[in-house]
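The structure appears right after this line, and notes come after that.
Number of protein chains: 2
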Amino acid sequence: MGGDKTAMSGNESSGACAAIPGAKTRVRDRIFETACELFYRHGIHGVGVDAIAAEAGSNKMSFYRSFASKDALVTEYLREQEREYWAWWDGAVAPYPNDPRRQIEALFEAQLEIAKSNSCRGCALGNAAAELSDDEDELSTLVRAYKEKVRKRLHALARAMGARDAEILGDSLMLLLDGGYFTRLIFPLGSGPICAAIPAVRALIDAHLSGGHALPPPR
Amino acid sequence: MGGDKTAMSGNESSGACAAIPGAKTRVRDRIFETACELFYRHGIHGVGVDAIAAEAGSNKMSFYRSFASKDALVTEYLREQEREYWAWWDGAVAPYPNDPRRQIEALFEAQLEIAKSNSCRGCALGNAAAELSDDEDELSTLVRAYKEKVRKRLHALARAMGARDAEILGDSLMLLLDGGYFTRLIFPLGSGPICAAIPAVRALIDAHLSGGHALPPPR
DNA sequence: TGACTAAGTTACCGATCGGTAACATTGTTG
DNA sequence: CAACAATGTTACCGATCGGTAACTTAGTCA
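First to last, the protein sequences are chains A and B. Numbering-wise, the first sequence is residues 104 to 322 according to this note's numbering. Numbering-wise, the second sequence is residues 104 to 322 according to this note's numbering.
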């Protein structure tokens, strides 16, 4: 989710940009930051490089001195979003080491917290997937890898929790997580179905931990 | 929004389409059908009217004889998608009148069935919301109304089921539903997290029906 | 036959798209 | 100061965008 942008300090620049340790904000960074915001708000196809450069107080020529193409910028945007996402995930989970159940709950609590921001428009990577065409392979491959990593992490947490069927529980949690992101696109602030995520998470975990009813028979 | 184009030939009533088997398909219908497919596959912003007309075996001029603008076409596309969605919903639910629990299960079973088609790219309305900018108000208002109707229906089903907290249960189901649509964008065929939807639905309903733990809304 | 209509065809418009060339300006550093 | 790198400015390119005008073709029906 696109919230707050940390000014990605340790930046690897390509080619022409020699490393100067000065803390001054490079045009490249300003442009990139602006691009991230605009892509998140208006969608990737809905923002042109001219608009990005202008919004960053620069111009198209300076844009192309820092980025090989719009496509390269988009790729970097998605990578950055993923980087921030894992940082957010790790931060949310960190206070509860060796307590997978509490970690999952903390994750959804953190999601709800972000969802309350009025700048929230759900999952940047997921939204990108929704507007990407079939032929934009490189991008959707990137998003797919990210989503698969989310899934694996949830599986691992469910397994560490000792769930009876960790795959099912992990997948169920992923549905709740992504459902929260998806509905947040439509429902404003804290009034949407995402408010039910945490009770649902608890109920599902309970159902998978307590030795009550076995998994429902296959239809 | 200019809907003044009265050229909406008489086939508006649902049954009239299949009436005349030998009738040649009108250009308008061919174009509209093609547009729906292309919008769904490549996104609304990713398809131009020229491509639509060409794919329909026609040309741009004929397109503008039938549609006032691309925007009008998009609006009609979203309306049609919603119409089809409710028809699908009602069809899935019809075999189980007065059995809200079975209806909900049938709904998710039908969703899973559709998700297995390789042409499935999740929820057309929801995807549109993901790529719509903030300033495209008319469209997102349409999507919002649709999503709110989904939510209300799920609330009603949960209430009819006698759930302890019908709002929470309905919202939880909506998260699962939309999570299924969202993840289906990324995960192919029947291998994604959506396979966990039905077990999750059953577990959640069980938790809300059996006299377990109360769920105070975490306002 | 003639009138009407639906549709195809070609050419065009202004705006915007991603992307580039050439030149002017600034700020830092030796 | 001069050298140099980073950035701003203007103008331009070909392609595509949504949208329109004018003309032609073909089918239908009286």
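In this text, a Cβ means the ideal position worked out from N, Cα and C, and glycines have one as well.
Within 7 Å, strictly: CB atoms of residue i and residue j
i, j, result
"A:I301", "A:A231", "no"
"B:L260", "B:P203", "yes"
"A:R131", "A:S169", "yes"
"B:A303", "A:S275", "yes"
"B:C139", "B:Y180", "yes"
"A:A209", "A:A195", "yes"
"A:T286", "B:D237", "no"
"A:L235", "A:L242", "yes"
Proximity to residue i [Cα-Cα], best of the options
i, options, result
"A:D268", "B:A310, B:A299, B:T137, B:A175", "B:A299"
"A:L228", "B:K255, B:L292, B:A233, B:W189", "B:A233"
"A:M164", "A:Y180, A:D153, A:F290", "A:D153"
"B:A263", "B:L288, B:N201, B:G282", "B:N201"
"A:V177", "A:L210, A:V150, A:Y284, A:R287", "A:V150"
"A:K252", "A:Q206, A:C226, A:E185", "A:E185"
"B:L288", "B:C226, B:E270, B:Q214, B:D193", "B:C226"
"A:E270", "B:Y284, B:L279, B:G283, B:P296", "B:P296"
"B:F211", "B:A159, B:L279, B:S313", "B:L279"
"B:H145", "A:E239, A:K173, A:H145, A:D309", "A:E239"
Where residue i falls, given that 16 or more other Cβ within 10 Å makes a residue buried
i, result
"A:E187", "buried"
"A:K250", "buried"
"A:P291", "exposed"
"A:P320", "Any reading at A:P320 must be qualified, since the residue scores a pLDDT of 42, below 50, and its modelled position is unreliable; no value is offered."
"A:E216", "exposed"
"B:R182", "exposed"
"B:G283", "buried"
"A:A248", "exposed"
"A:A171", "exposed"
"A:A126", "Note that A:A126 scores 36 on pLDDT, short of 50, meaning its location in the model is unreliable; the coordinates nonetheless yield the value given after this. The residue in question, A:A126, is exposed, as its Cβ has fewer than 16 Cβ neighbours within 10 Å."
"B:P124", "A caution first: B:P124 carries a pLDDT of 34, below 50, which makes its placement in the model too unreliable to give a value."
Proximal residues to residue i (C-beta, below 6 Å), its chain only, five neighbours per side dropped
i, result
"B:F135", "none"
"B:H311", "A266, R267, L272"
"B:R254", "M277"
"B:A218", "R287, I297"
"A:A213", "A195"
"B:I207", "L260"
"B:E158", "T137"
Cut-off 7 Å between Cβ atoms - residues of its own chain near residue i, not counting five sequence neighbours on either side
i, result
"B:L257", "G273, L276, M277"
"A:R129", "none"
"B:I155", "I134, T137, A138, L141, F166"
"B:Y143", "R224, A227"
"A:S313", "none"
"B:R205", "Y199"
"A:K173", "V152"
Contact set for residue i: own chain, Cβ-Cβ below 8 Å, skip 5 residues either direction
i, result
"A:A306", "none"
"A:D49", "In this structure chain A extends from 104 to 322, so residue 49 of chain A is not present and cannot be described."
Contact test: residue i Cβ vs the ligand GDP heavy atom, cutoff 6 Å
i, result
"B:A197", "What this structure holds is no ligand at all, so the ligand GDP is not there to describe."
Residues from the region 179-198 of chain B in contact with chain A, defined by Cβ distance under 8 Å:
When C-beta distances to chain A are compared with 8 Å, every residue of the region 179-198 of chain B stays at or above that value.
Select from the region 269-290 of chain A all residues with a C-beta closer than 9 Å to any C-beta belonging to chain B, and list them in chain order.
Those would be E270, I271, L272, G273, D274, S275, L276, M277, L278, L279, L280, D281, G282, G283, Y284, F285, T286, L288, I289, F290, in chain order.
Using a Cβ-Cβ cut-off of less than 8 Å, give me the residues of the region 136-157 of chain B that come near chain A, in sequence order.
Within the region 136-157 of chain B, those residues whose Cβ lies closer than 8 Å to any Cβ of chain A are, in chain order, R144, H145, G146, H148, G149.
With 7 Å as the limit, tell me which residues of the region 223-241 of chain B have their beta carbon closer than that to any beta carbon of chain A; keep them in chain order.
Answer set for the region 223-241 of chain B: G229, N230, A232, A233, E234, S236, D237.
Using a Cβ-Cβ cutoff of 7 Å, what residues of the region 246-271 of chain B are near chain A? List them in chain order.
Per Cβ criterion, the list reads V246, R247, K250, R254, I271.
Within 8 Å of chain A by C-beta, residues of the region 298-313 of chain B in sequence order
Listed by position, the residues of the region 298-313 of chain B near chain A (Cβ gap below 8 Å) are C298, A299, A300, I301, P302, A303, R305, A306, L307, D309, A310, H311.
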